[in-house]
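Let me begin by presenting the structure, written as structure tokens, before commenting on it.
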Amino acid sequence: MEKFYQIWKKFGKNFEEGGKLQKLSSFYDAFDTFLFTPNTTAKRVGAQIHDGSDSKRTMILVVMALIPAMLFGMFNVGYQHLLATGQLGAGLTCALWWKAFGFGLLAVLPYIIVAYAVGLGIEFIVAQIKHEEVAEGFLVTGFIIPLIVPINTPLWQVAIAVAFAVIFAKEVFGGTGYNIFNVALITRAFLFFAYPSQMTGDTPFVRVGGTWGWDAGQLVDGYTTATPLTQIGTTTDASLMPVGFWDAVNGLIPGSVGETCIWAIALGAILLIVTGGASWKTMLSAFIGGGLTAWLFNQFGPDTAAANLPWYMHLVMGGFAFGAVFMATDPVTSARTECGKWIYGFLIGLVAVVVRVLNPGYPEGMMLAILLMNAFAPLIDWCVVNANSKKRAKREVKL
Amino acid sequence: MLSQKTKETLLGPLNVNNPVVVQVLGICSALAVTVQLKPALVMGIAVTIIVALSNVIISLLRNTIPMRIRIIVQLVVVAALVTLVSEVLKAFAYDVAMQLSVYIGLIITNCILMGRLEAFAMTNKPWDSLLDGLGNGFGYAIILIIVAFFRELLGSGSLLGYQVIPDSWYAAGYENCGMMMMPAMALILVGCIIWAHRSLNKEEK
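From first to last, the protein sequence lines are chains W and L.
Position 89 (the first sequence) corresponds to 89 in the numbering used here; numbering is contiguous.
Position 178 (the second sequence) corresponds to 178 in the numbering used here; numbering is contiguous.
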């Protein structure tokens, strides 16, 4: 390792001021910091903090937390494909298990590649223009995008949406750490509003046709590929329950790649909470807010399928859990005060369920809820800080 | 033909002193009428005519208007011209007039008009005022046309109502971008134009 580091540093001489490859110095710098920094720790005497954590380490942590959801999502893409094309008549054999995973892997991989290639490409170009280091912020964004985009979205649309989001939601505000809105969600929102036919309705979430021409199938007669939330949003039957609670938790249902399995999301959530990568307060309060709102709709709401859906079903269906764990907790765009996190999370849950129940045009409200509260997060923080200073000022007068 | 100063009066608003991208006036109508190129074109012409004529009229009256009621006098002149243009459009270009609907009437409230009347026509001679009005009208129209060009091309795949994106593209999977049909995207496009304009005119700060 030490030897490789020496060679790497020697190679880096080319990029210094006056070197041959000086123009590309931010490329070198990006890989240098990615692989080798921070490589200093405090001396092992005395009472220093030995943690070398920085934003890059945090980002890698979040990517690790997302891996269970990603792996399960890949399997589920293939599993839904097999279901929809009627290949699972005799149950899930070992060969079919591998076929499902392979199919999903081939289907999801292009999205990961496109998201990273476009997003990082723009980041590298901007870093060159501004003579800055390449920030590592896109690592997580690029990994989340394939998880929240429907599996049938054309790749060129994903590329345009990623470019739009990185430029207009991030770089114009000053790059990583300065964005107001969650970049991955802006990507999805752009797709949602620009190409609505690819994002809504029955067809987007299950791939019936083949991947790269492999295993193209025909939809089995009468089989529905709509997500449970879409079914609820479009039905006239006020007591419809498309899936059971445990089906929704286990996640072998149609949906965006990463959002279906609650177990995989829970694994990620545990990793994030244990390592301090994300705030448990935001997560918990989002679930409380969503559950409470859904319960109120159960009691007093209109007589529609969405309002009658039990409150615990709202929490495990659609992107609620994924959004609450991985996107509401984004440290850049969420509220930063501890008290503010409770309010911020609670309002996300509340708005998400309100959109689901009251707006038939949007069967899923999590994306809009998080983006809306992103805009309000600074206001929440401002109120919390002000309330605190007022409280302290009052105490001062009493003395 | 023109002296340096009159040249500046006429051509300045087209670029370095553009009413939309530099003074950021008249944004609301720039968002509302730019979904397609044709209404944007008509709107640009209408505003140019109204700014130019009202500039001339106010400039002629400038020494007789009492200062305290000048705004209401300006408004009466603009309102009369807007009504005229609106009637002419309804008579000769009914479809476009219907597409523009209230926005023709709302030219009265266009900030560029009041801005030019207050800032220029009240203190300058009629000939200069005419050039200033024409310049600002064209400056406004140019931005409208650029925004509408991209919105119609990318949002509807057509220009002036004629389809320009070939059917083979649609067959290959191309889709129109619905985001372009929304006012939000017009704002982002105007932002892009401002961005490009500022980068090209760095020394004008």
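We put the CB at the ideal spot given by N, CA and C, even for glycine.
Given the structure is predicted, the values throughout are model-derived calculations rather than measurements.
Option in the options with minimal Cα separation from residue i
i, options, result
"W/LEU219", "W/LEU82, W/TYR28, W/THR337, W/ALA159", "W/LEU82"
"W/PHE297", "W/ALA286, W/HIS314, W/PHE287", "W/HIS314"
"W/TYR223", "W/SER389, W/ASN386, W/GLY86, W/ILE113", "W/GLY86"
"L/PHE149", "L/ILE65, L/CYS111, L/ALA186", "L/ALA186"
"L/GLY191", "L/CYS177, L/GLU175, L/ILE143", "L/ILE143"
"W/ALA307", "W/TYR344, W/TRP263, W/THR234", "W/THR234"
"L/PHE92", "L/LEU60, L/VAL42, L/VAL51, L/LEU113", "L/VAL42"
"W/ALA335", "W/GLY174, W/VAL357, W/ALA321, W/SER285", "W/SER285"
"L/THR109", "L/GLU87, L/LEU81, L/MET98", "L/LEU81"
"W/GLY258", "W/ALA189, W/PRO68, W/PHE376", "W/PRO68"
"W/ASP303", "W/TYR344, W/VAL62, W/LEU358, W/GLN6", "W/LEU358"
"W/GLN198", "W/GLY319, W/LEU350, W/VAL149, W/ILE348", "W/VAL149"
"W/ILE380", "W/THR333, W/MET366, W/ARG395", "W/THR333"
"W/TRP8", "W/PHE31, W/PHE205, W/ALA107", "W/PHE31"
"L/TRP127", "L/LYS90, L/SER54, L/GLY115", "L/SER54"
"W/GLY318", "W/THR282, W/PHE168, W/PRO242, W/CYS383", "W/PRO242"
"W/ILE204", "W/PRO154, W/VAL351, W/VAL354", "Sequence inspection shows Pro at residue 204 of chain W; the Ile mentioned does not correspond to that position. Nearest of W/PRO154, W/VAL351, W/VAL354 to W/PRO204, Cα basis: W/PRO154."
"W/ARG356", "W/ALA161, W/ALA305, W/PHE124", "W/ALA305"
"W/PRO310", "W/ILE232, W/MET366, W/ALA278", "W/ILE232"
"L/LYS7", "L/GLY133, L/ARG68, L/GLY44", "L/GLY133"
"W/PHE168", "W/VAL274, W/VAL126, W/ASP221", "W/VAL126"
"W/THR176", "W/PHE320, W/GLN157, W/GLU133", "W/GLU133"
"L/MET181", "L/PRO166, L/LEU154, L/THR83", "L/LEU154"
"L/ILE146", "L/ILE193, L/MET114, L/ARG116", "L/ILE193"
8 Å Cβ cutoff, residue i in contact with chain L
i, result
"W/PHE4", "no"
"W/ALA127", "no"
"W/TYR195", "yes"
"W/PRO411", "This structure does not reach residue 411 of chain W, given that chain W is present from 1 up to 399, and the question cannot be answered."
"W/PHE190", "yes"
Residue i and residue j closer than 8 Å at C-beta
i, j, result
"L/ALA30", "L/ILE104", "no"
"L/GLY12", "L/GLY137", "no"
"W/PRO146", "W/ILE112", "yes"
"L/ILE229", "L/VAL85", "Residue 229 of chain L lies beyond the stretch modelled for chain L, which goes from 1 to 205, so this question has no answer here."
"W/THR227", "W/PRO254", "yes"
"L/TYR140", "L/VAL20", "yes"
"W/ILE262", "W/GLY244", "no"
"L/PRO39", "L/LEU100", "yes"
"W/ALA107", "W/VAL77", "yes"
"W/TYR195", "L/GLU175", "yes"
"W/ILE343", "W/ASN182", "no"
"W/PHE138", "W/ALA161", "no"
"W/THR337", "W/VAL397", "no"
"W/THR293", "W/LEU240", "no"
"W/MET440", "W/ARG207", "As shown, chain W starts at 1 and ends at 399. That puts residue 440 of chain W outside it, with no answer to give."
Test: residue i CB closer than 8 Å to a CB of chain W
i, result
"L/ALA196", "no"
"L/CYS177", "yes"
"L/ILE193", "no"
"L/ILE27", "no"
"L/ILE188", "yes"
"L/LYS205", "For L/LYS205, the predicted model reports a pLDDT of 49, less than 50, meaning its position is unreliable; a value from the coordinates is still stated below. So no, L/LYS205 is outside the interface."
Closer than 7 Å: residue i CB and nearest the ligand MG heavy atom
i, result
"W/ILE60", "The model depicted lacks the ligand MG and carries no ligand whatsoever."
According to a CB-to-CB cut-off of less than 7 Å, which residues of the stretch 167-180 of chain W neighbour chain L?
PHE168
Write down every uninterrupted run of the alpha helix (DSSP H) in the stretch 50-103 of chain W whose length is 4 residues or greater and which is fully enclosed by it, in chain order.
55-84
Near-chain L residues of the stretch 51-85 of chain W - C-beta to any C-beta below 8 Å:
So nothing in the stretch comes that close.
What runs of the alpha helix (DSSP H), each 4 residues or longer, lie entirely inside the stretch 135-177 of chain W?
138-148, 155-164
Could you list the residues in the stretch 123-149 of chain L with a C-beta less than 9 Å from some C-beta on chain W, going in chain order?
none
The stretch 154-183 of chain L: positions lying closer than 7 Å to chain W by Cβ
GLY173, GLU175, CYS177, GLY178, MET179, MET182
Give, in chain order, every unbroken run of the alpha helix (DSSP H) that is at least 4 residues long and sits entirely within the stretch 211-245 of chain W.
228-234
Can you check the stretch 66-93 of chain L for any alpha helix (DSSP H) of at least 4 residues that lies completely inside it and give the ranges in chain order?
70-92
Segments of 4+ residues assigned as alpha helix (DSSP H) that fall wholly inside the stretch 2-66 of chain L:
Listed in chain order, the complete alpha helix (DSSP H) runs (minimum 4 residues) inside the stretch 2-66 of chain L are 4-11, 27-32, 37-61.
Considering only residues of the stretch 256-315 of chain W, which uninterrupted alpha helix (DSSP H) runs meet the minimum length of 4 residues and lie entirely inside it, listed in chain order?
Within the stretch 256-315 of chain W, the complete alpha helix (DSSP H) runs of at least 4 residues are 262-275, 280-300, 305-308.
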